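A.B. asks: Per the numbering used here, residue 389 is the first one in the sequence shown, and the count goes up by one each step. Below are the structure tokens for one structure; questions will follow.
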Amino acid sequence: MHSVFYTTTRLFLKRAWGGALLAVSVLVLSPLLYRIVYASQSSGRVLANDDLFGVHIMYLVLSSIFFLAVCYYSIQGTHKICMGLPVRSRPIATWMMLATVCLAVILQLVTNGAYRLLFFDSHWLSDYWPLFGPLLFLVTLILVSHAIYWGLYAISFTRALCWTGTVVGLFWWFVARYYPDGFQKSAVSWKQVTLTEFLTLLTVSLGAWYLGTREFANVRSGVAVPSPYWQKMQGWWESVMTGTASASSQRPVSISASLSRLHWRDACQRTVLGCGIACGAAVWVVNLIMMREFGSTLRQWSDGFLTIVGVFGILAAMLSAFQIGEGVCVSGRAEMKTFLATAPLSDREFGHALFRNLVKAVLAIFLLIELGLVMTIVALLLLKGPTLLDWELVRVSGMLLEYACYYLFAFWIIMANVISLFWTGRTSFIYGVIGGVFGLFAFFVGVASYLQRTTVNLLGAPGYTRSGFITY
């Protein structure tokens with residue numbers, strides 16, 4: 389059994405190291421580049437301890453999304469192999485949970501260690517950057533995610549309602565840790581984990597572990613099936629999304645339209661729903677969480693909202709482009725999928741069919757992200773009352789529409805170019821272009837940093853220390 393788990397652990401780490409390196413690099417290099425380019429322009433204090441609370445919350449949100457995505461991708465390639473191992477179900481499920489938990493914890497420790505070396509002083513843990521409490525919550529969230537994932541094979545309306553209530557209650561409890569005096573008071577950093585909080589997270593983790601092992605055993609034995617009512621609802625939803633419900637009443641479509649519809653169902657539909665809904669919901673939730681840090685006026689709120697939309701828009705553009713770009717070929721990009729390669733169409737008609745789906749996917753994902761921004765404005769009006777219904781709201785709405793056009797243009801540039809890069813089908817060319825882009829970006833950042841430091845030294849402005857995020 390030990391050799392079996394050793395082999396699967398090697399496979400898990402082989403799939404995990406690339407995404408883990410990319411996630412840690414993004415989380416560490418992004419603030420480092422910001423500090424190199426912008427921090428030396430200012431004299432005096434850049435970020436006070438109170439401002440670091442917002443930075444810490446933003447880090448928790450982004451790091452959780454990145455690390456959960458890395459864990460999900462890594463475990464996807466090993467859980468099918470684990471199904472056929474000659475081992476009992478409970479040790480297999482426990483191994484998968486421990487593998488993802490250990491990976492997420494190690495990535496958090498590595499990232500926070502890099503932050504400590506590059507940005508913070510020796511009081512970072514006790515004063516402004518707590519680690520133990522958020523780490524315990526992340527471990528609990530991973531275990532609950534495992535239980536929900538395996539329970540999806542036997543989903544029902546009752547289970548879906550219970551899981552939704554559990555996830556909402558878990559995040560509500562986590563947010564409440566930062567508001568010990570009530571949501572009407574100012575937020576306080578979660579510096580100490582009390583015994584009650586530790587026992588609460590431990591109880592939820594043990595319950596999620598037990599439920600996850602049972603669900604995995606049911607899936608492995610083949611007895612986990614969705615409820616009949618859920619299957620009916622799923623069939624209705626698929627008929628609505630694909631248009632098969634009204635197929636009998638439609639006229640025969642052309643070969644190009646048939647290919648476009650088949651490609652949309654195969655490569656675009658899940659990507660649009662997954663990335664669009666996930667990033668739109670993230671925009672809504674993160675905006676509501678960060679609203680206190682953005683300021684007190686509607687204009688300050690809108691500036692913060694646009695920043696969050698831009699961050700998740702870039703993330704959605706990259707993720708969806710990778711998925712749609714890979715959707716035209718088989719695993720490993722060895723060859724194009726059969727139904728695309730054998731389509732009786734000219735190159736021009738074939739390109740038009742795929743291009744229509746690309747435009748539809750870009751617009752759909754972008755509108756779902758903007759829907760998260762609209763829901764944020766609606767929630768803001770409900771929280772602050774009708775006092776915001778004045779001329780300032782009209783001016784801010786015009787600014788949001790203006791920036792929405794800019795964001796749509798940038799979204800199209802990123803997504804279309806990445807997809808076209810993957811549609812070349814040449815792996816070495818893809819990696820070469822990606823490496824060249826990052827190399828040029830690092831080169832220009834280095835040149836800008838050198839010129840900036842030279843200017844600062846010539847003007848006699850003070851430099852900055854390693855703890856530049858705190859004081860100068």
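Virtual Cβ for every residue (Gly too), placed ideally from N, Cα, C. Quantities reported herein were computed from a predicted structural model and do not represent experimental measurements.
Quick one: residues in its chain with C-beta nearer than 7 Å to the C-beta of Val716, no 5 flanking neighbours on either side, listed in chain order?
C.D. replies: If you number the sequence shown from 1, residue 716 lands on position 328. Closer than 7 Å at the Cβ level, and outside the excluded window around Val716, lie Ala655, Met724, Lys725, Leu728, Trp811.
A.B. asks: What are the residues that DSSP puts in a beta bridge with Cys717?
C.D. replies: Within the sequence shown, residue 717 is the residue found at index 329, counting from 1. Met724.
A.B. asks: For my contact list, Val416 and Thr499 are in at a C-beta cut-off of 8 Å; report their separation, rounded to the angstrom.
C.D. replies: As a first step, residue 416 is located in the sequence shown; it is residue number 28 there, counting from the start. As a first step, residue 499 is located in the sequence shown; it is residue number 111 there, counting from the start. Going by Cβ atoms, the distance from Val416 to Thr499 rounds to 6 Å, so yes, they are a contact pair.
A.B. asks: Use the C-beta contact count for Glu790: other C-beta atoms within 10 angstroms, 16 or more gives buried, fewer gives exposed.
C.D. replies: The residue given as residue 790 occupies position 402 in the sequence shown. By the 10 Å Cβ count, Glu790 comes out exposed.
A.B. asks: Less than 7 Å between C-beta atoms, sequence neighbours within five positions excluded: which residues of the same chain meet that for Phe393?
C.D. replies: For this step, residue 393 is matched to residue 5 along the sequence shown. Taken in chain order, the residues that qualify are Trp483.
A.B. asks: Going by DSSP, what residue range makes up the alpha helix (DSSP H) through Phe559?
C.D. replies: For this step, residue 559 is matched to residue 171 along the sequence shown. Element bounds for Phe559: 545-565.
A.B. asks: Since Thr396 contacts Ile469 with CB under 8 Å, what's their CB separation in whole angstroms?
C.D. replies: Counting from 1 along the sequence shown, the entry for residue 396 is found at position 8. Counting from 1 along the sequence shown, the entry for residue 469 is found at position 81. That belief holds up - the Cβ atoms of Thr396 and Ile469 are roughly 6 Å apart, short of 8 Å.
A.B. asks: Please say whether Gly623 and Ala535 have beta carbons closer to each other than 8 Å?
C.D. replies: Translated into the one-based positions of the sequence shown, residue 535 becomes position 147. Translated into the one-based positions of the sequence shown, residue 623 becomes position 235. Not in contact: Ala535 and Gly623 (Cβ atoms no closer than 8 Å).
A.B. asks: Please report the residue range of the alpha helix (DSSP H) in which Arg649 lies.
C.D. replies: To locate residue 649, count along the sequence shown from 1; it is residue 261. Run containing Arg649: 643-651, per the alpha helix (DSSP H) assignment.
A.B. asks: Do Gly442 and Met678 have their CB atoms nearer than 8 Å?
C.D. replies: By one-based count along the sequence shown, residue 442 stands at place 54. By one-based count along the sequence shown, residue 678 stands at place 290. A contact, by the Cβ cut-off of 8 Å.
A.B. asks: Have a look at Leu497 and Leu506 and give me their C-alpha separation to the nearest angstrom.
C.D. replies: The residue given as residue 497 occupies position 109 in the sequence shown. The residue given as residue 506 occupies position 118 in the sequence shown. Roughly 14 Å separates the two Cα atoms.
A.B. asks: Could you name each continuous alpha helix (DSSP H) segment of 4 residues or more that falls completely within the segment 778-807, going from the start of the chain to the end?
C.D. replies: As far as the segment 778-807 is concerned, it has no whole alpha helix (DSSP H) run of at least 4 residues.
A.B. asks: Hey, how far is the Cα of Ile463 from the Cα of Thr488?
C.D. replies: By 1-based counting over the sequence shown, the position of residue 463 is 75. By 1-based counting over the sequence shown, the position of residue 488 is 100. Taking the straight line from one Cα to the other gives about 8 Å.
A.B. asks: Alpha carbon to alpha carbon, how far is Ala404 from Gly501? Give it in angstroms, no decimals.
C.D. replies: As a first step, residue 501 is located in the sequence shown; it is residue number 113 there, counting from the start. As a first step, residue 404 is located in the sequence shown; it is residue number 16 there, counting from the start. Taking the straight line from one Cα to the other gives about 20 Å.
A.B. asks: Do you know offhand how far Leu707's Cα is from Leu761's?
C.D. replies: One-based indexing of the sequence shown puts residue 707 at position 319. One-based indexing of the sequence shown puts residue 761 at position 373. Cα to Cα, Leu707 sits roughly 20 Å from Leu761.
A.B. asks: Using 8 Å as the threshold, is the C-beta distance between Val668 and Leu759 below it?
C.D. replies: Position 280 of the sequence shown holds residue 668. Position 371 of the sequence shown holds residue 759. It should be pointed out that residue 668 corresponds to Gly in this sequence rather than to Val. Yes, the Cβ-Cβ distance between Gly668 and Leu759 is below 8 Å.
A.B. asks: According to DSSP, simplified to helix, strand and coil, what is Lys402?
C.D. replies: Indexing the sequence shown from 1 puts residue 402 at position 14. Helix, per DSSP.
A.B. asks: Quick check on this structure: which residue in Ser690, Tyr566, Thr546 has the alpha carbon closest to the alpha carbon of Leu769?
C.D. replies: Translated into positions along the sequence shown, residue 769 becomes position 381. For Leu769, the nearest C-alpha among the options comes from Ser690.
A.B. asks: Ignoring anything shorter than 4 residues or poking outside the segment 446-506, list the alpha helix (DSSP H) runs there in chain order.
C.D. replies: The qualifying runs are 467-471, 477-506.
A.B. asks: Spatial neighbours of Leu676 within its chain, please: CB distance less than 8 Å, with the 5 preceding and 5 following residues excluded, ordered by chain position.
C.D. replies: Position 288 of the sequence shown, counted from the first residue, corresponds to residue 676. Thr764, Ala767.
A.B. asks: Enumerate in chain order the residues of its own chain whose CB-to-CB distance from Phe400 is below 6 Å, with the five nearest sequence positions on each side excluded.
C.D. replies: Translated into the one-based positions of the sequence shown, residue 400 becomes position 12. Contacts found: Ser462, Thr466, Ala487.
A.B. asks: Does DSSP put Arg423 in a helix, a strand or coil?
C.D. replies: Reading the sequence shown from its first residue, position 35 is the one you call residue 423. Arg423 falls in the helix class under three-state DSSP.
A.B. asks: For Tyr394, name the three-state secondary structure that DSSP assigns.
C.D. replies: Position 6 of the sequence shown, counting from 1, holds the residue named residue 394. Helix, per DSSP.
A.B. asks: Tell me the rounded alpha-carbon separation between Ser719 and Pro568.
C.D. replies: To locate residue 719, count along the sequence shown from 1; it is residue 331. To locate residue 568, count along the sequence shown from 1; it is residue 180. Those two C-alpha atoms are separated by around 49 Å.
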